[in-house]
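Only one structure is covered here, and it is reproduced in the block below.
Right, dumping it as structure tokens:
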């Protein structure tokens with residue numbers, strides 16, 4: 095598993111709540127990046143969905159790869175308040191403070207089936223916000239795919255319970 099060898103974890107004396115991950119070495123190594131994108135694609139190749147959702151800066155590179163390969167639209171859920179289209183927003187509290195995430199209102203129609211792709215799942219608040227925004231517009235979540243999951247935070251069980259979720263790397267594997 096070339097990805098496991100290249101992921102960099104940063105811990106602090108304060109403990110696990112401050113653990114950070116740098117996956118850029120995976121993205122910078124052509125072979126490792128190809129392997130990671132292929133795995134992310136395989137997570138969804140048998141799923142039936144209409145749109146790929148990425149939380150801005152959290153999996154956009156993987157989501158774009160899957161969207162392109164599957165010929166599906168890519169929708170970014172992000173903090174940009176300069177969108178020209180009308181948006182729906184939701185505010186979340188994170189370790190770093192409040193964030194308001196937005197999605198273009200016309201990107202999800204009633205009955206739209208979506209997948210969400212992220213690079214790192216820690217507390218899960220950004221991903222949960224994306225889930226809530228899609229559902230609020232009448233869409234449903236088919237599956238969530240994550241490159242690296244911090245299992246210590248238990249986001250899968252606490253916030254994302256009941257939604258199919260697959261991770262390429264889980265911290266207990268490291």
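Residue numbers (this note's numbering): 95 to 268. Think of the CB as a built atom: it goes at the ideal place given N, C-alpha and C, for glycine as much as any other residue. The structure presented is a predicted model; accordingly, all values stated were derived computationally and were not measured.
Going straight from the alpha carbon of residue i to that of residue j, what length do you get?
| i | j | result |
| --- | --- | --- |
| residue 115 | residue 194 | 23 Å |
| residue 212 | residue 204 | 23 Å |
| residue 207 | residue 174 | 24 Å |
| residue 107 | residue 187 | Reliability fails at residue 107, whose pLDDT of 46 lies under 50, so the model's placement of it is uncertain and no value is given. |
| residue 128 | residue 214 | 18 Å |
| residue 265 | residue 147 | 24 Å |
| residue 181 | residue 165 | 24 Å |
| residue 259 | residue 183 | 24 Å |
Drop a sphere of 10 angstroms on the beta-carbon of residue i, count the other beta-carbons inside from all chains shown, and report buried for 16 or more, exposed for fewer.
| i | result |
| --- | --- |
| residue 142 | exposed |
| residue 185 | exposed |
| residue 153 | buried |
| residue 191 | exposed |
| residue 256 | exposed |
| residue 216 | buried |
| residue 131 | buried |
When the distance is taken between beta carbons, is residue j closer than 9 Å to residue i?
| i | j | result |
| --- | --- | --- |
| residue 120 | residue 224 | no |
| residue 238 | residue 221 | yes |
Leaving out five residues before and five after residue i in sequence, what residues of the same chain have Cβ atoms less than 6 Å from its Cβ?
| i | result |
| --- | --- |
| residue 201 | 169 |
| residue 233 | 202, 206 and 208 |
| residue 110 | Here the model assigns residue 110 a pLDDT of 49, short of 50, so the residue's position is not dependable, and the following value carries that caveat. So the list reads 246, once near-sequence residues are dropped. |
| residue 167 | 145 |
Looking only at its own chain, which residues have a Cβ that is under 8 Å from the Cβ of residue i, when we skip the five neighbours before and after it?
| i | result |
| --- | --- |
| residue 134 | 156, 159, 160, 211, 239, 241 and 262 |
Please determine whether the Cβ atom of residue i lies at a distance below 8 Å from any heavy atom of the ligand ADP.
| i | result |
| --- | --- |
| residue 179 | As presented, the structure is devoid of all ligands, the ligand ADP included, so that no description of it is given. |
How about the segment 247-258 and the segment 190-209: do they share at least three Cβ pairs that are nearer than 8 Å? no
Does the count of Cβ pairs from the segment 157-164 and the segment 228-238 closer than 8 Å reach three? no
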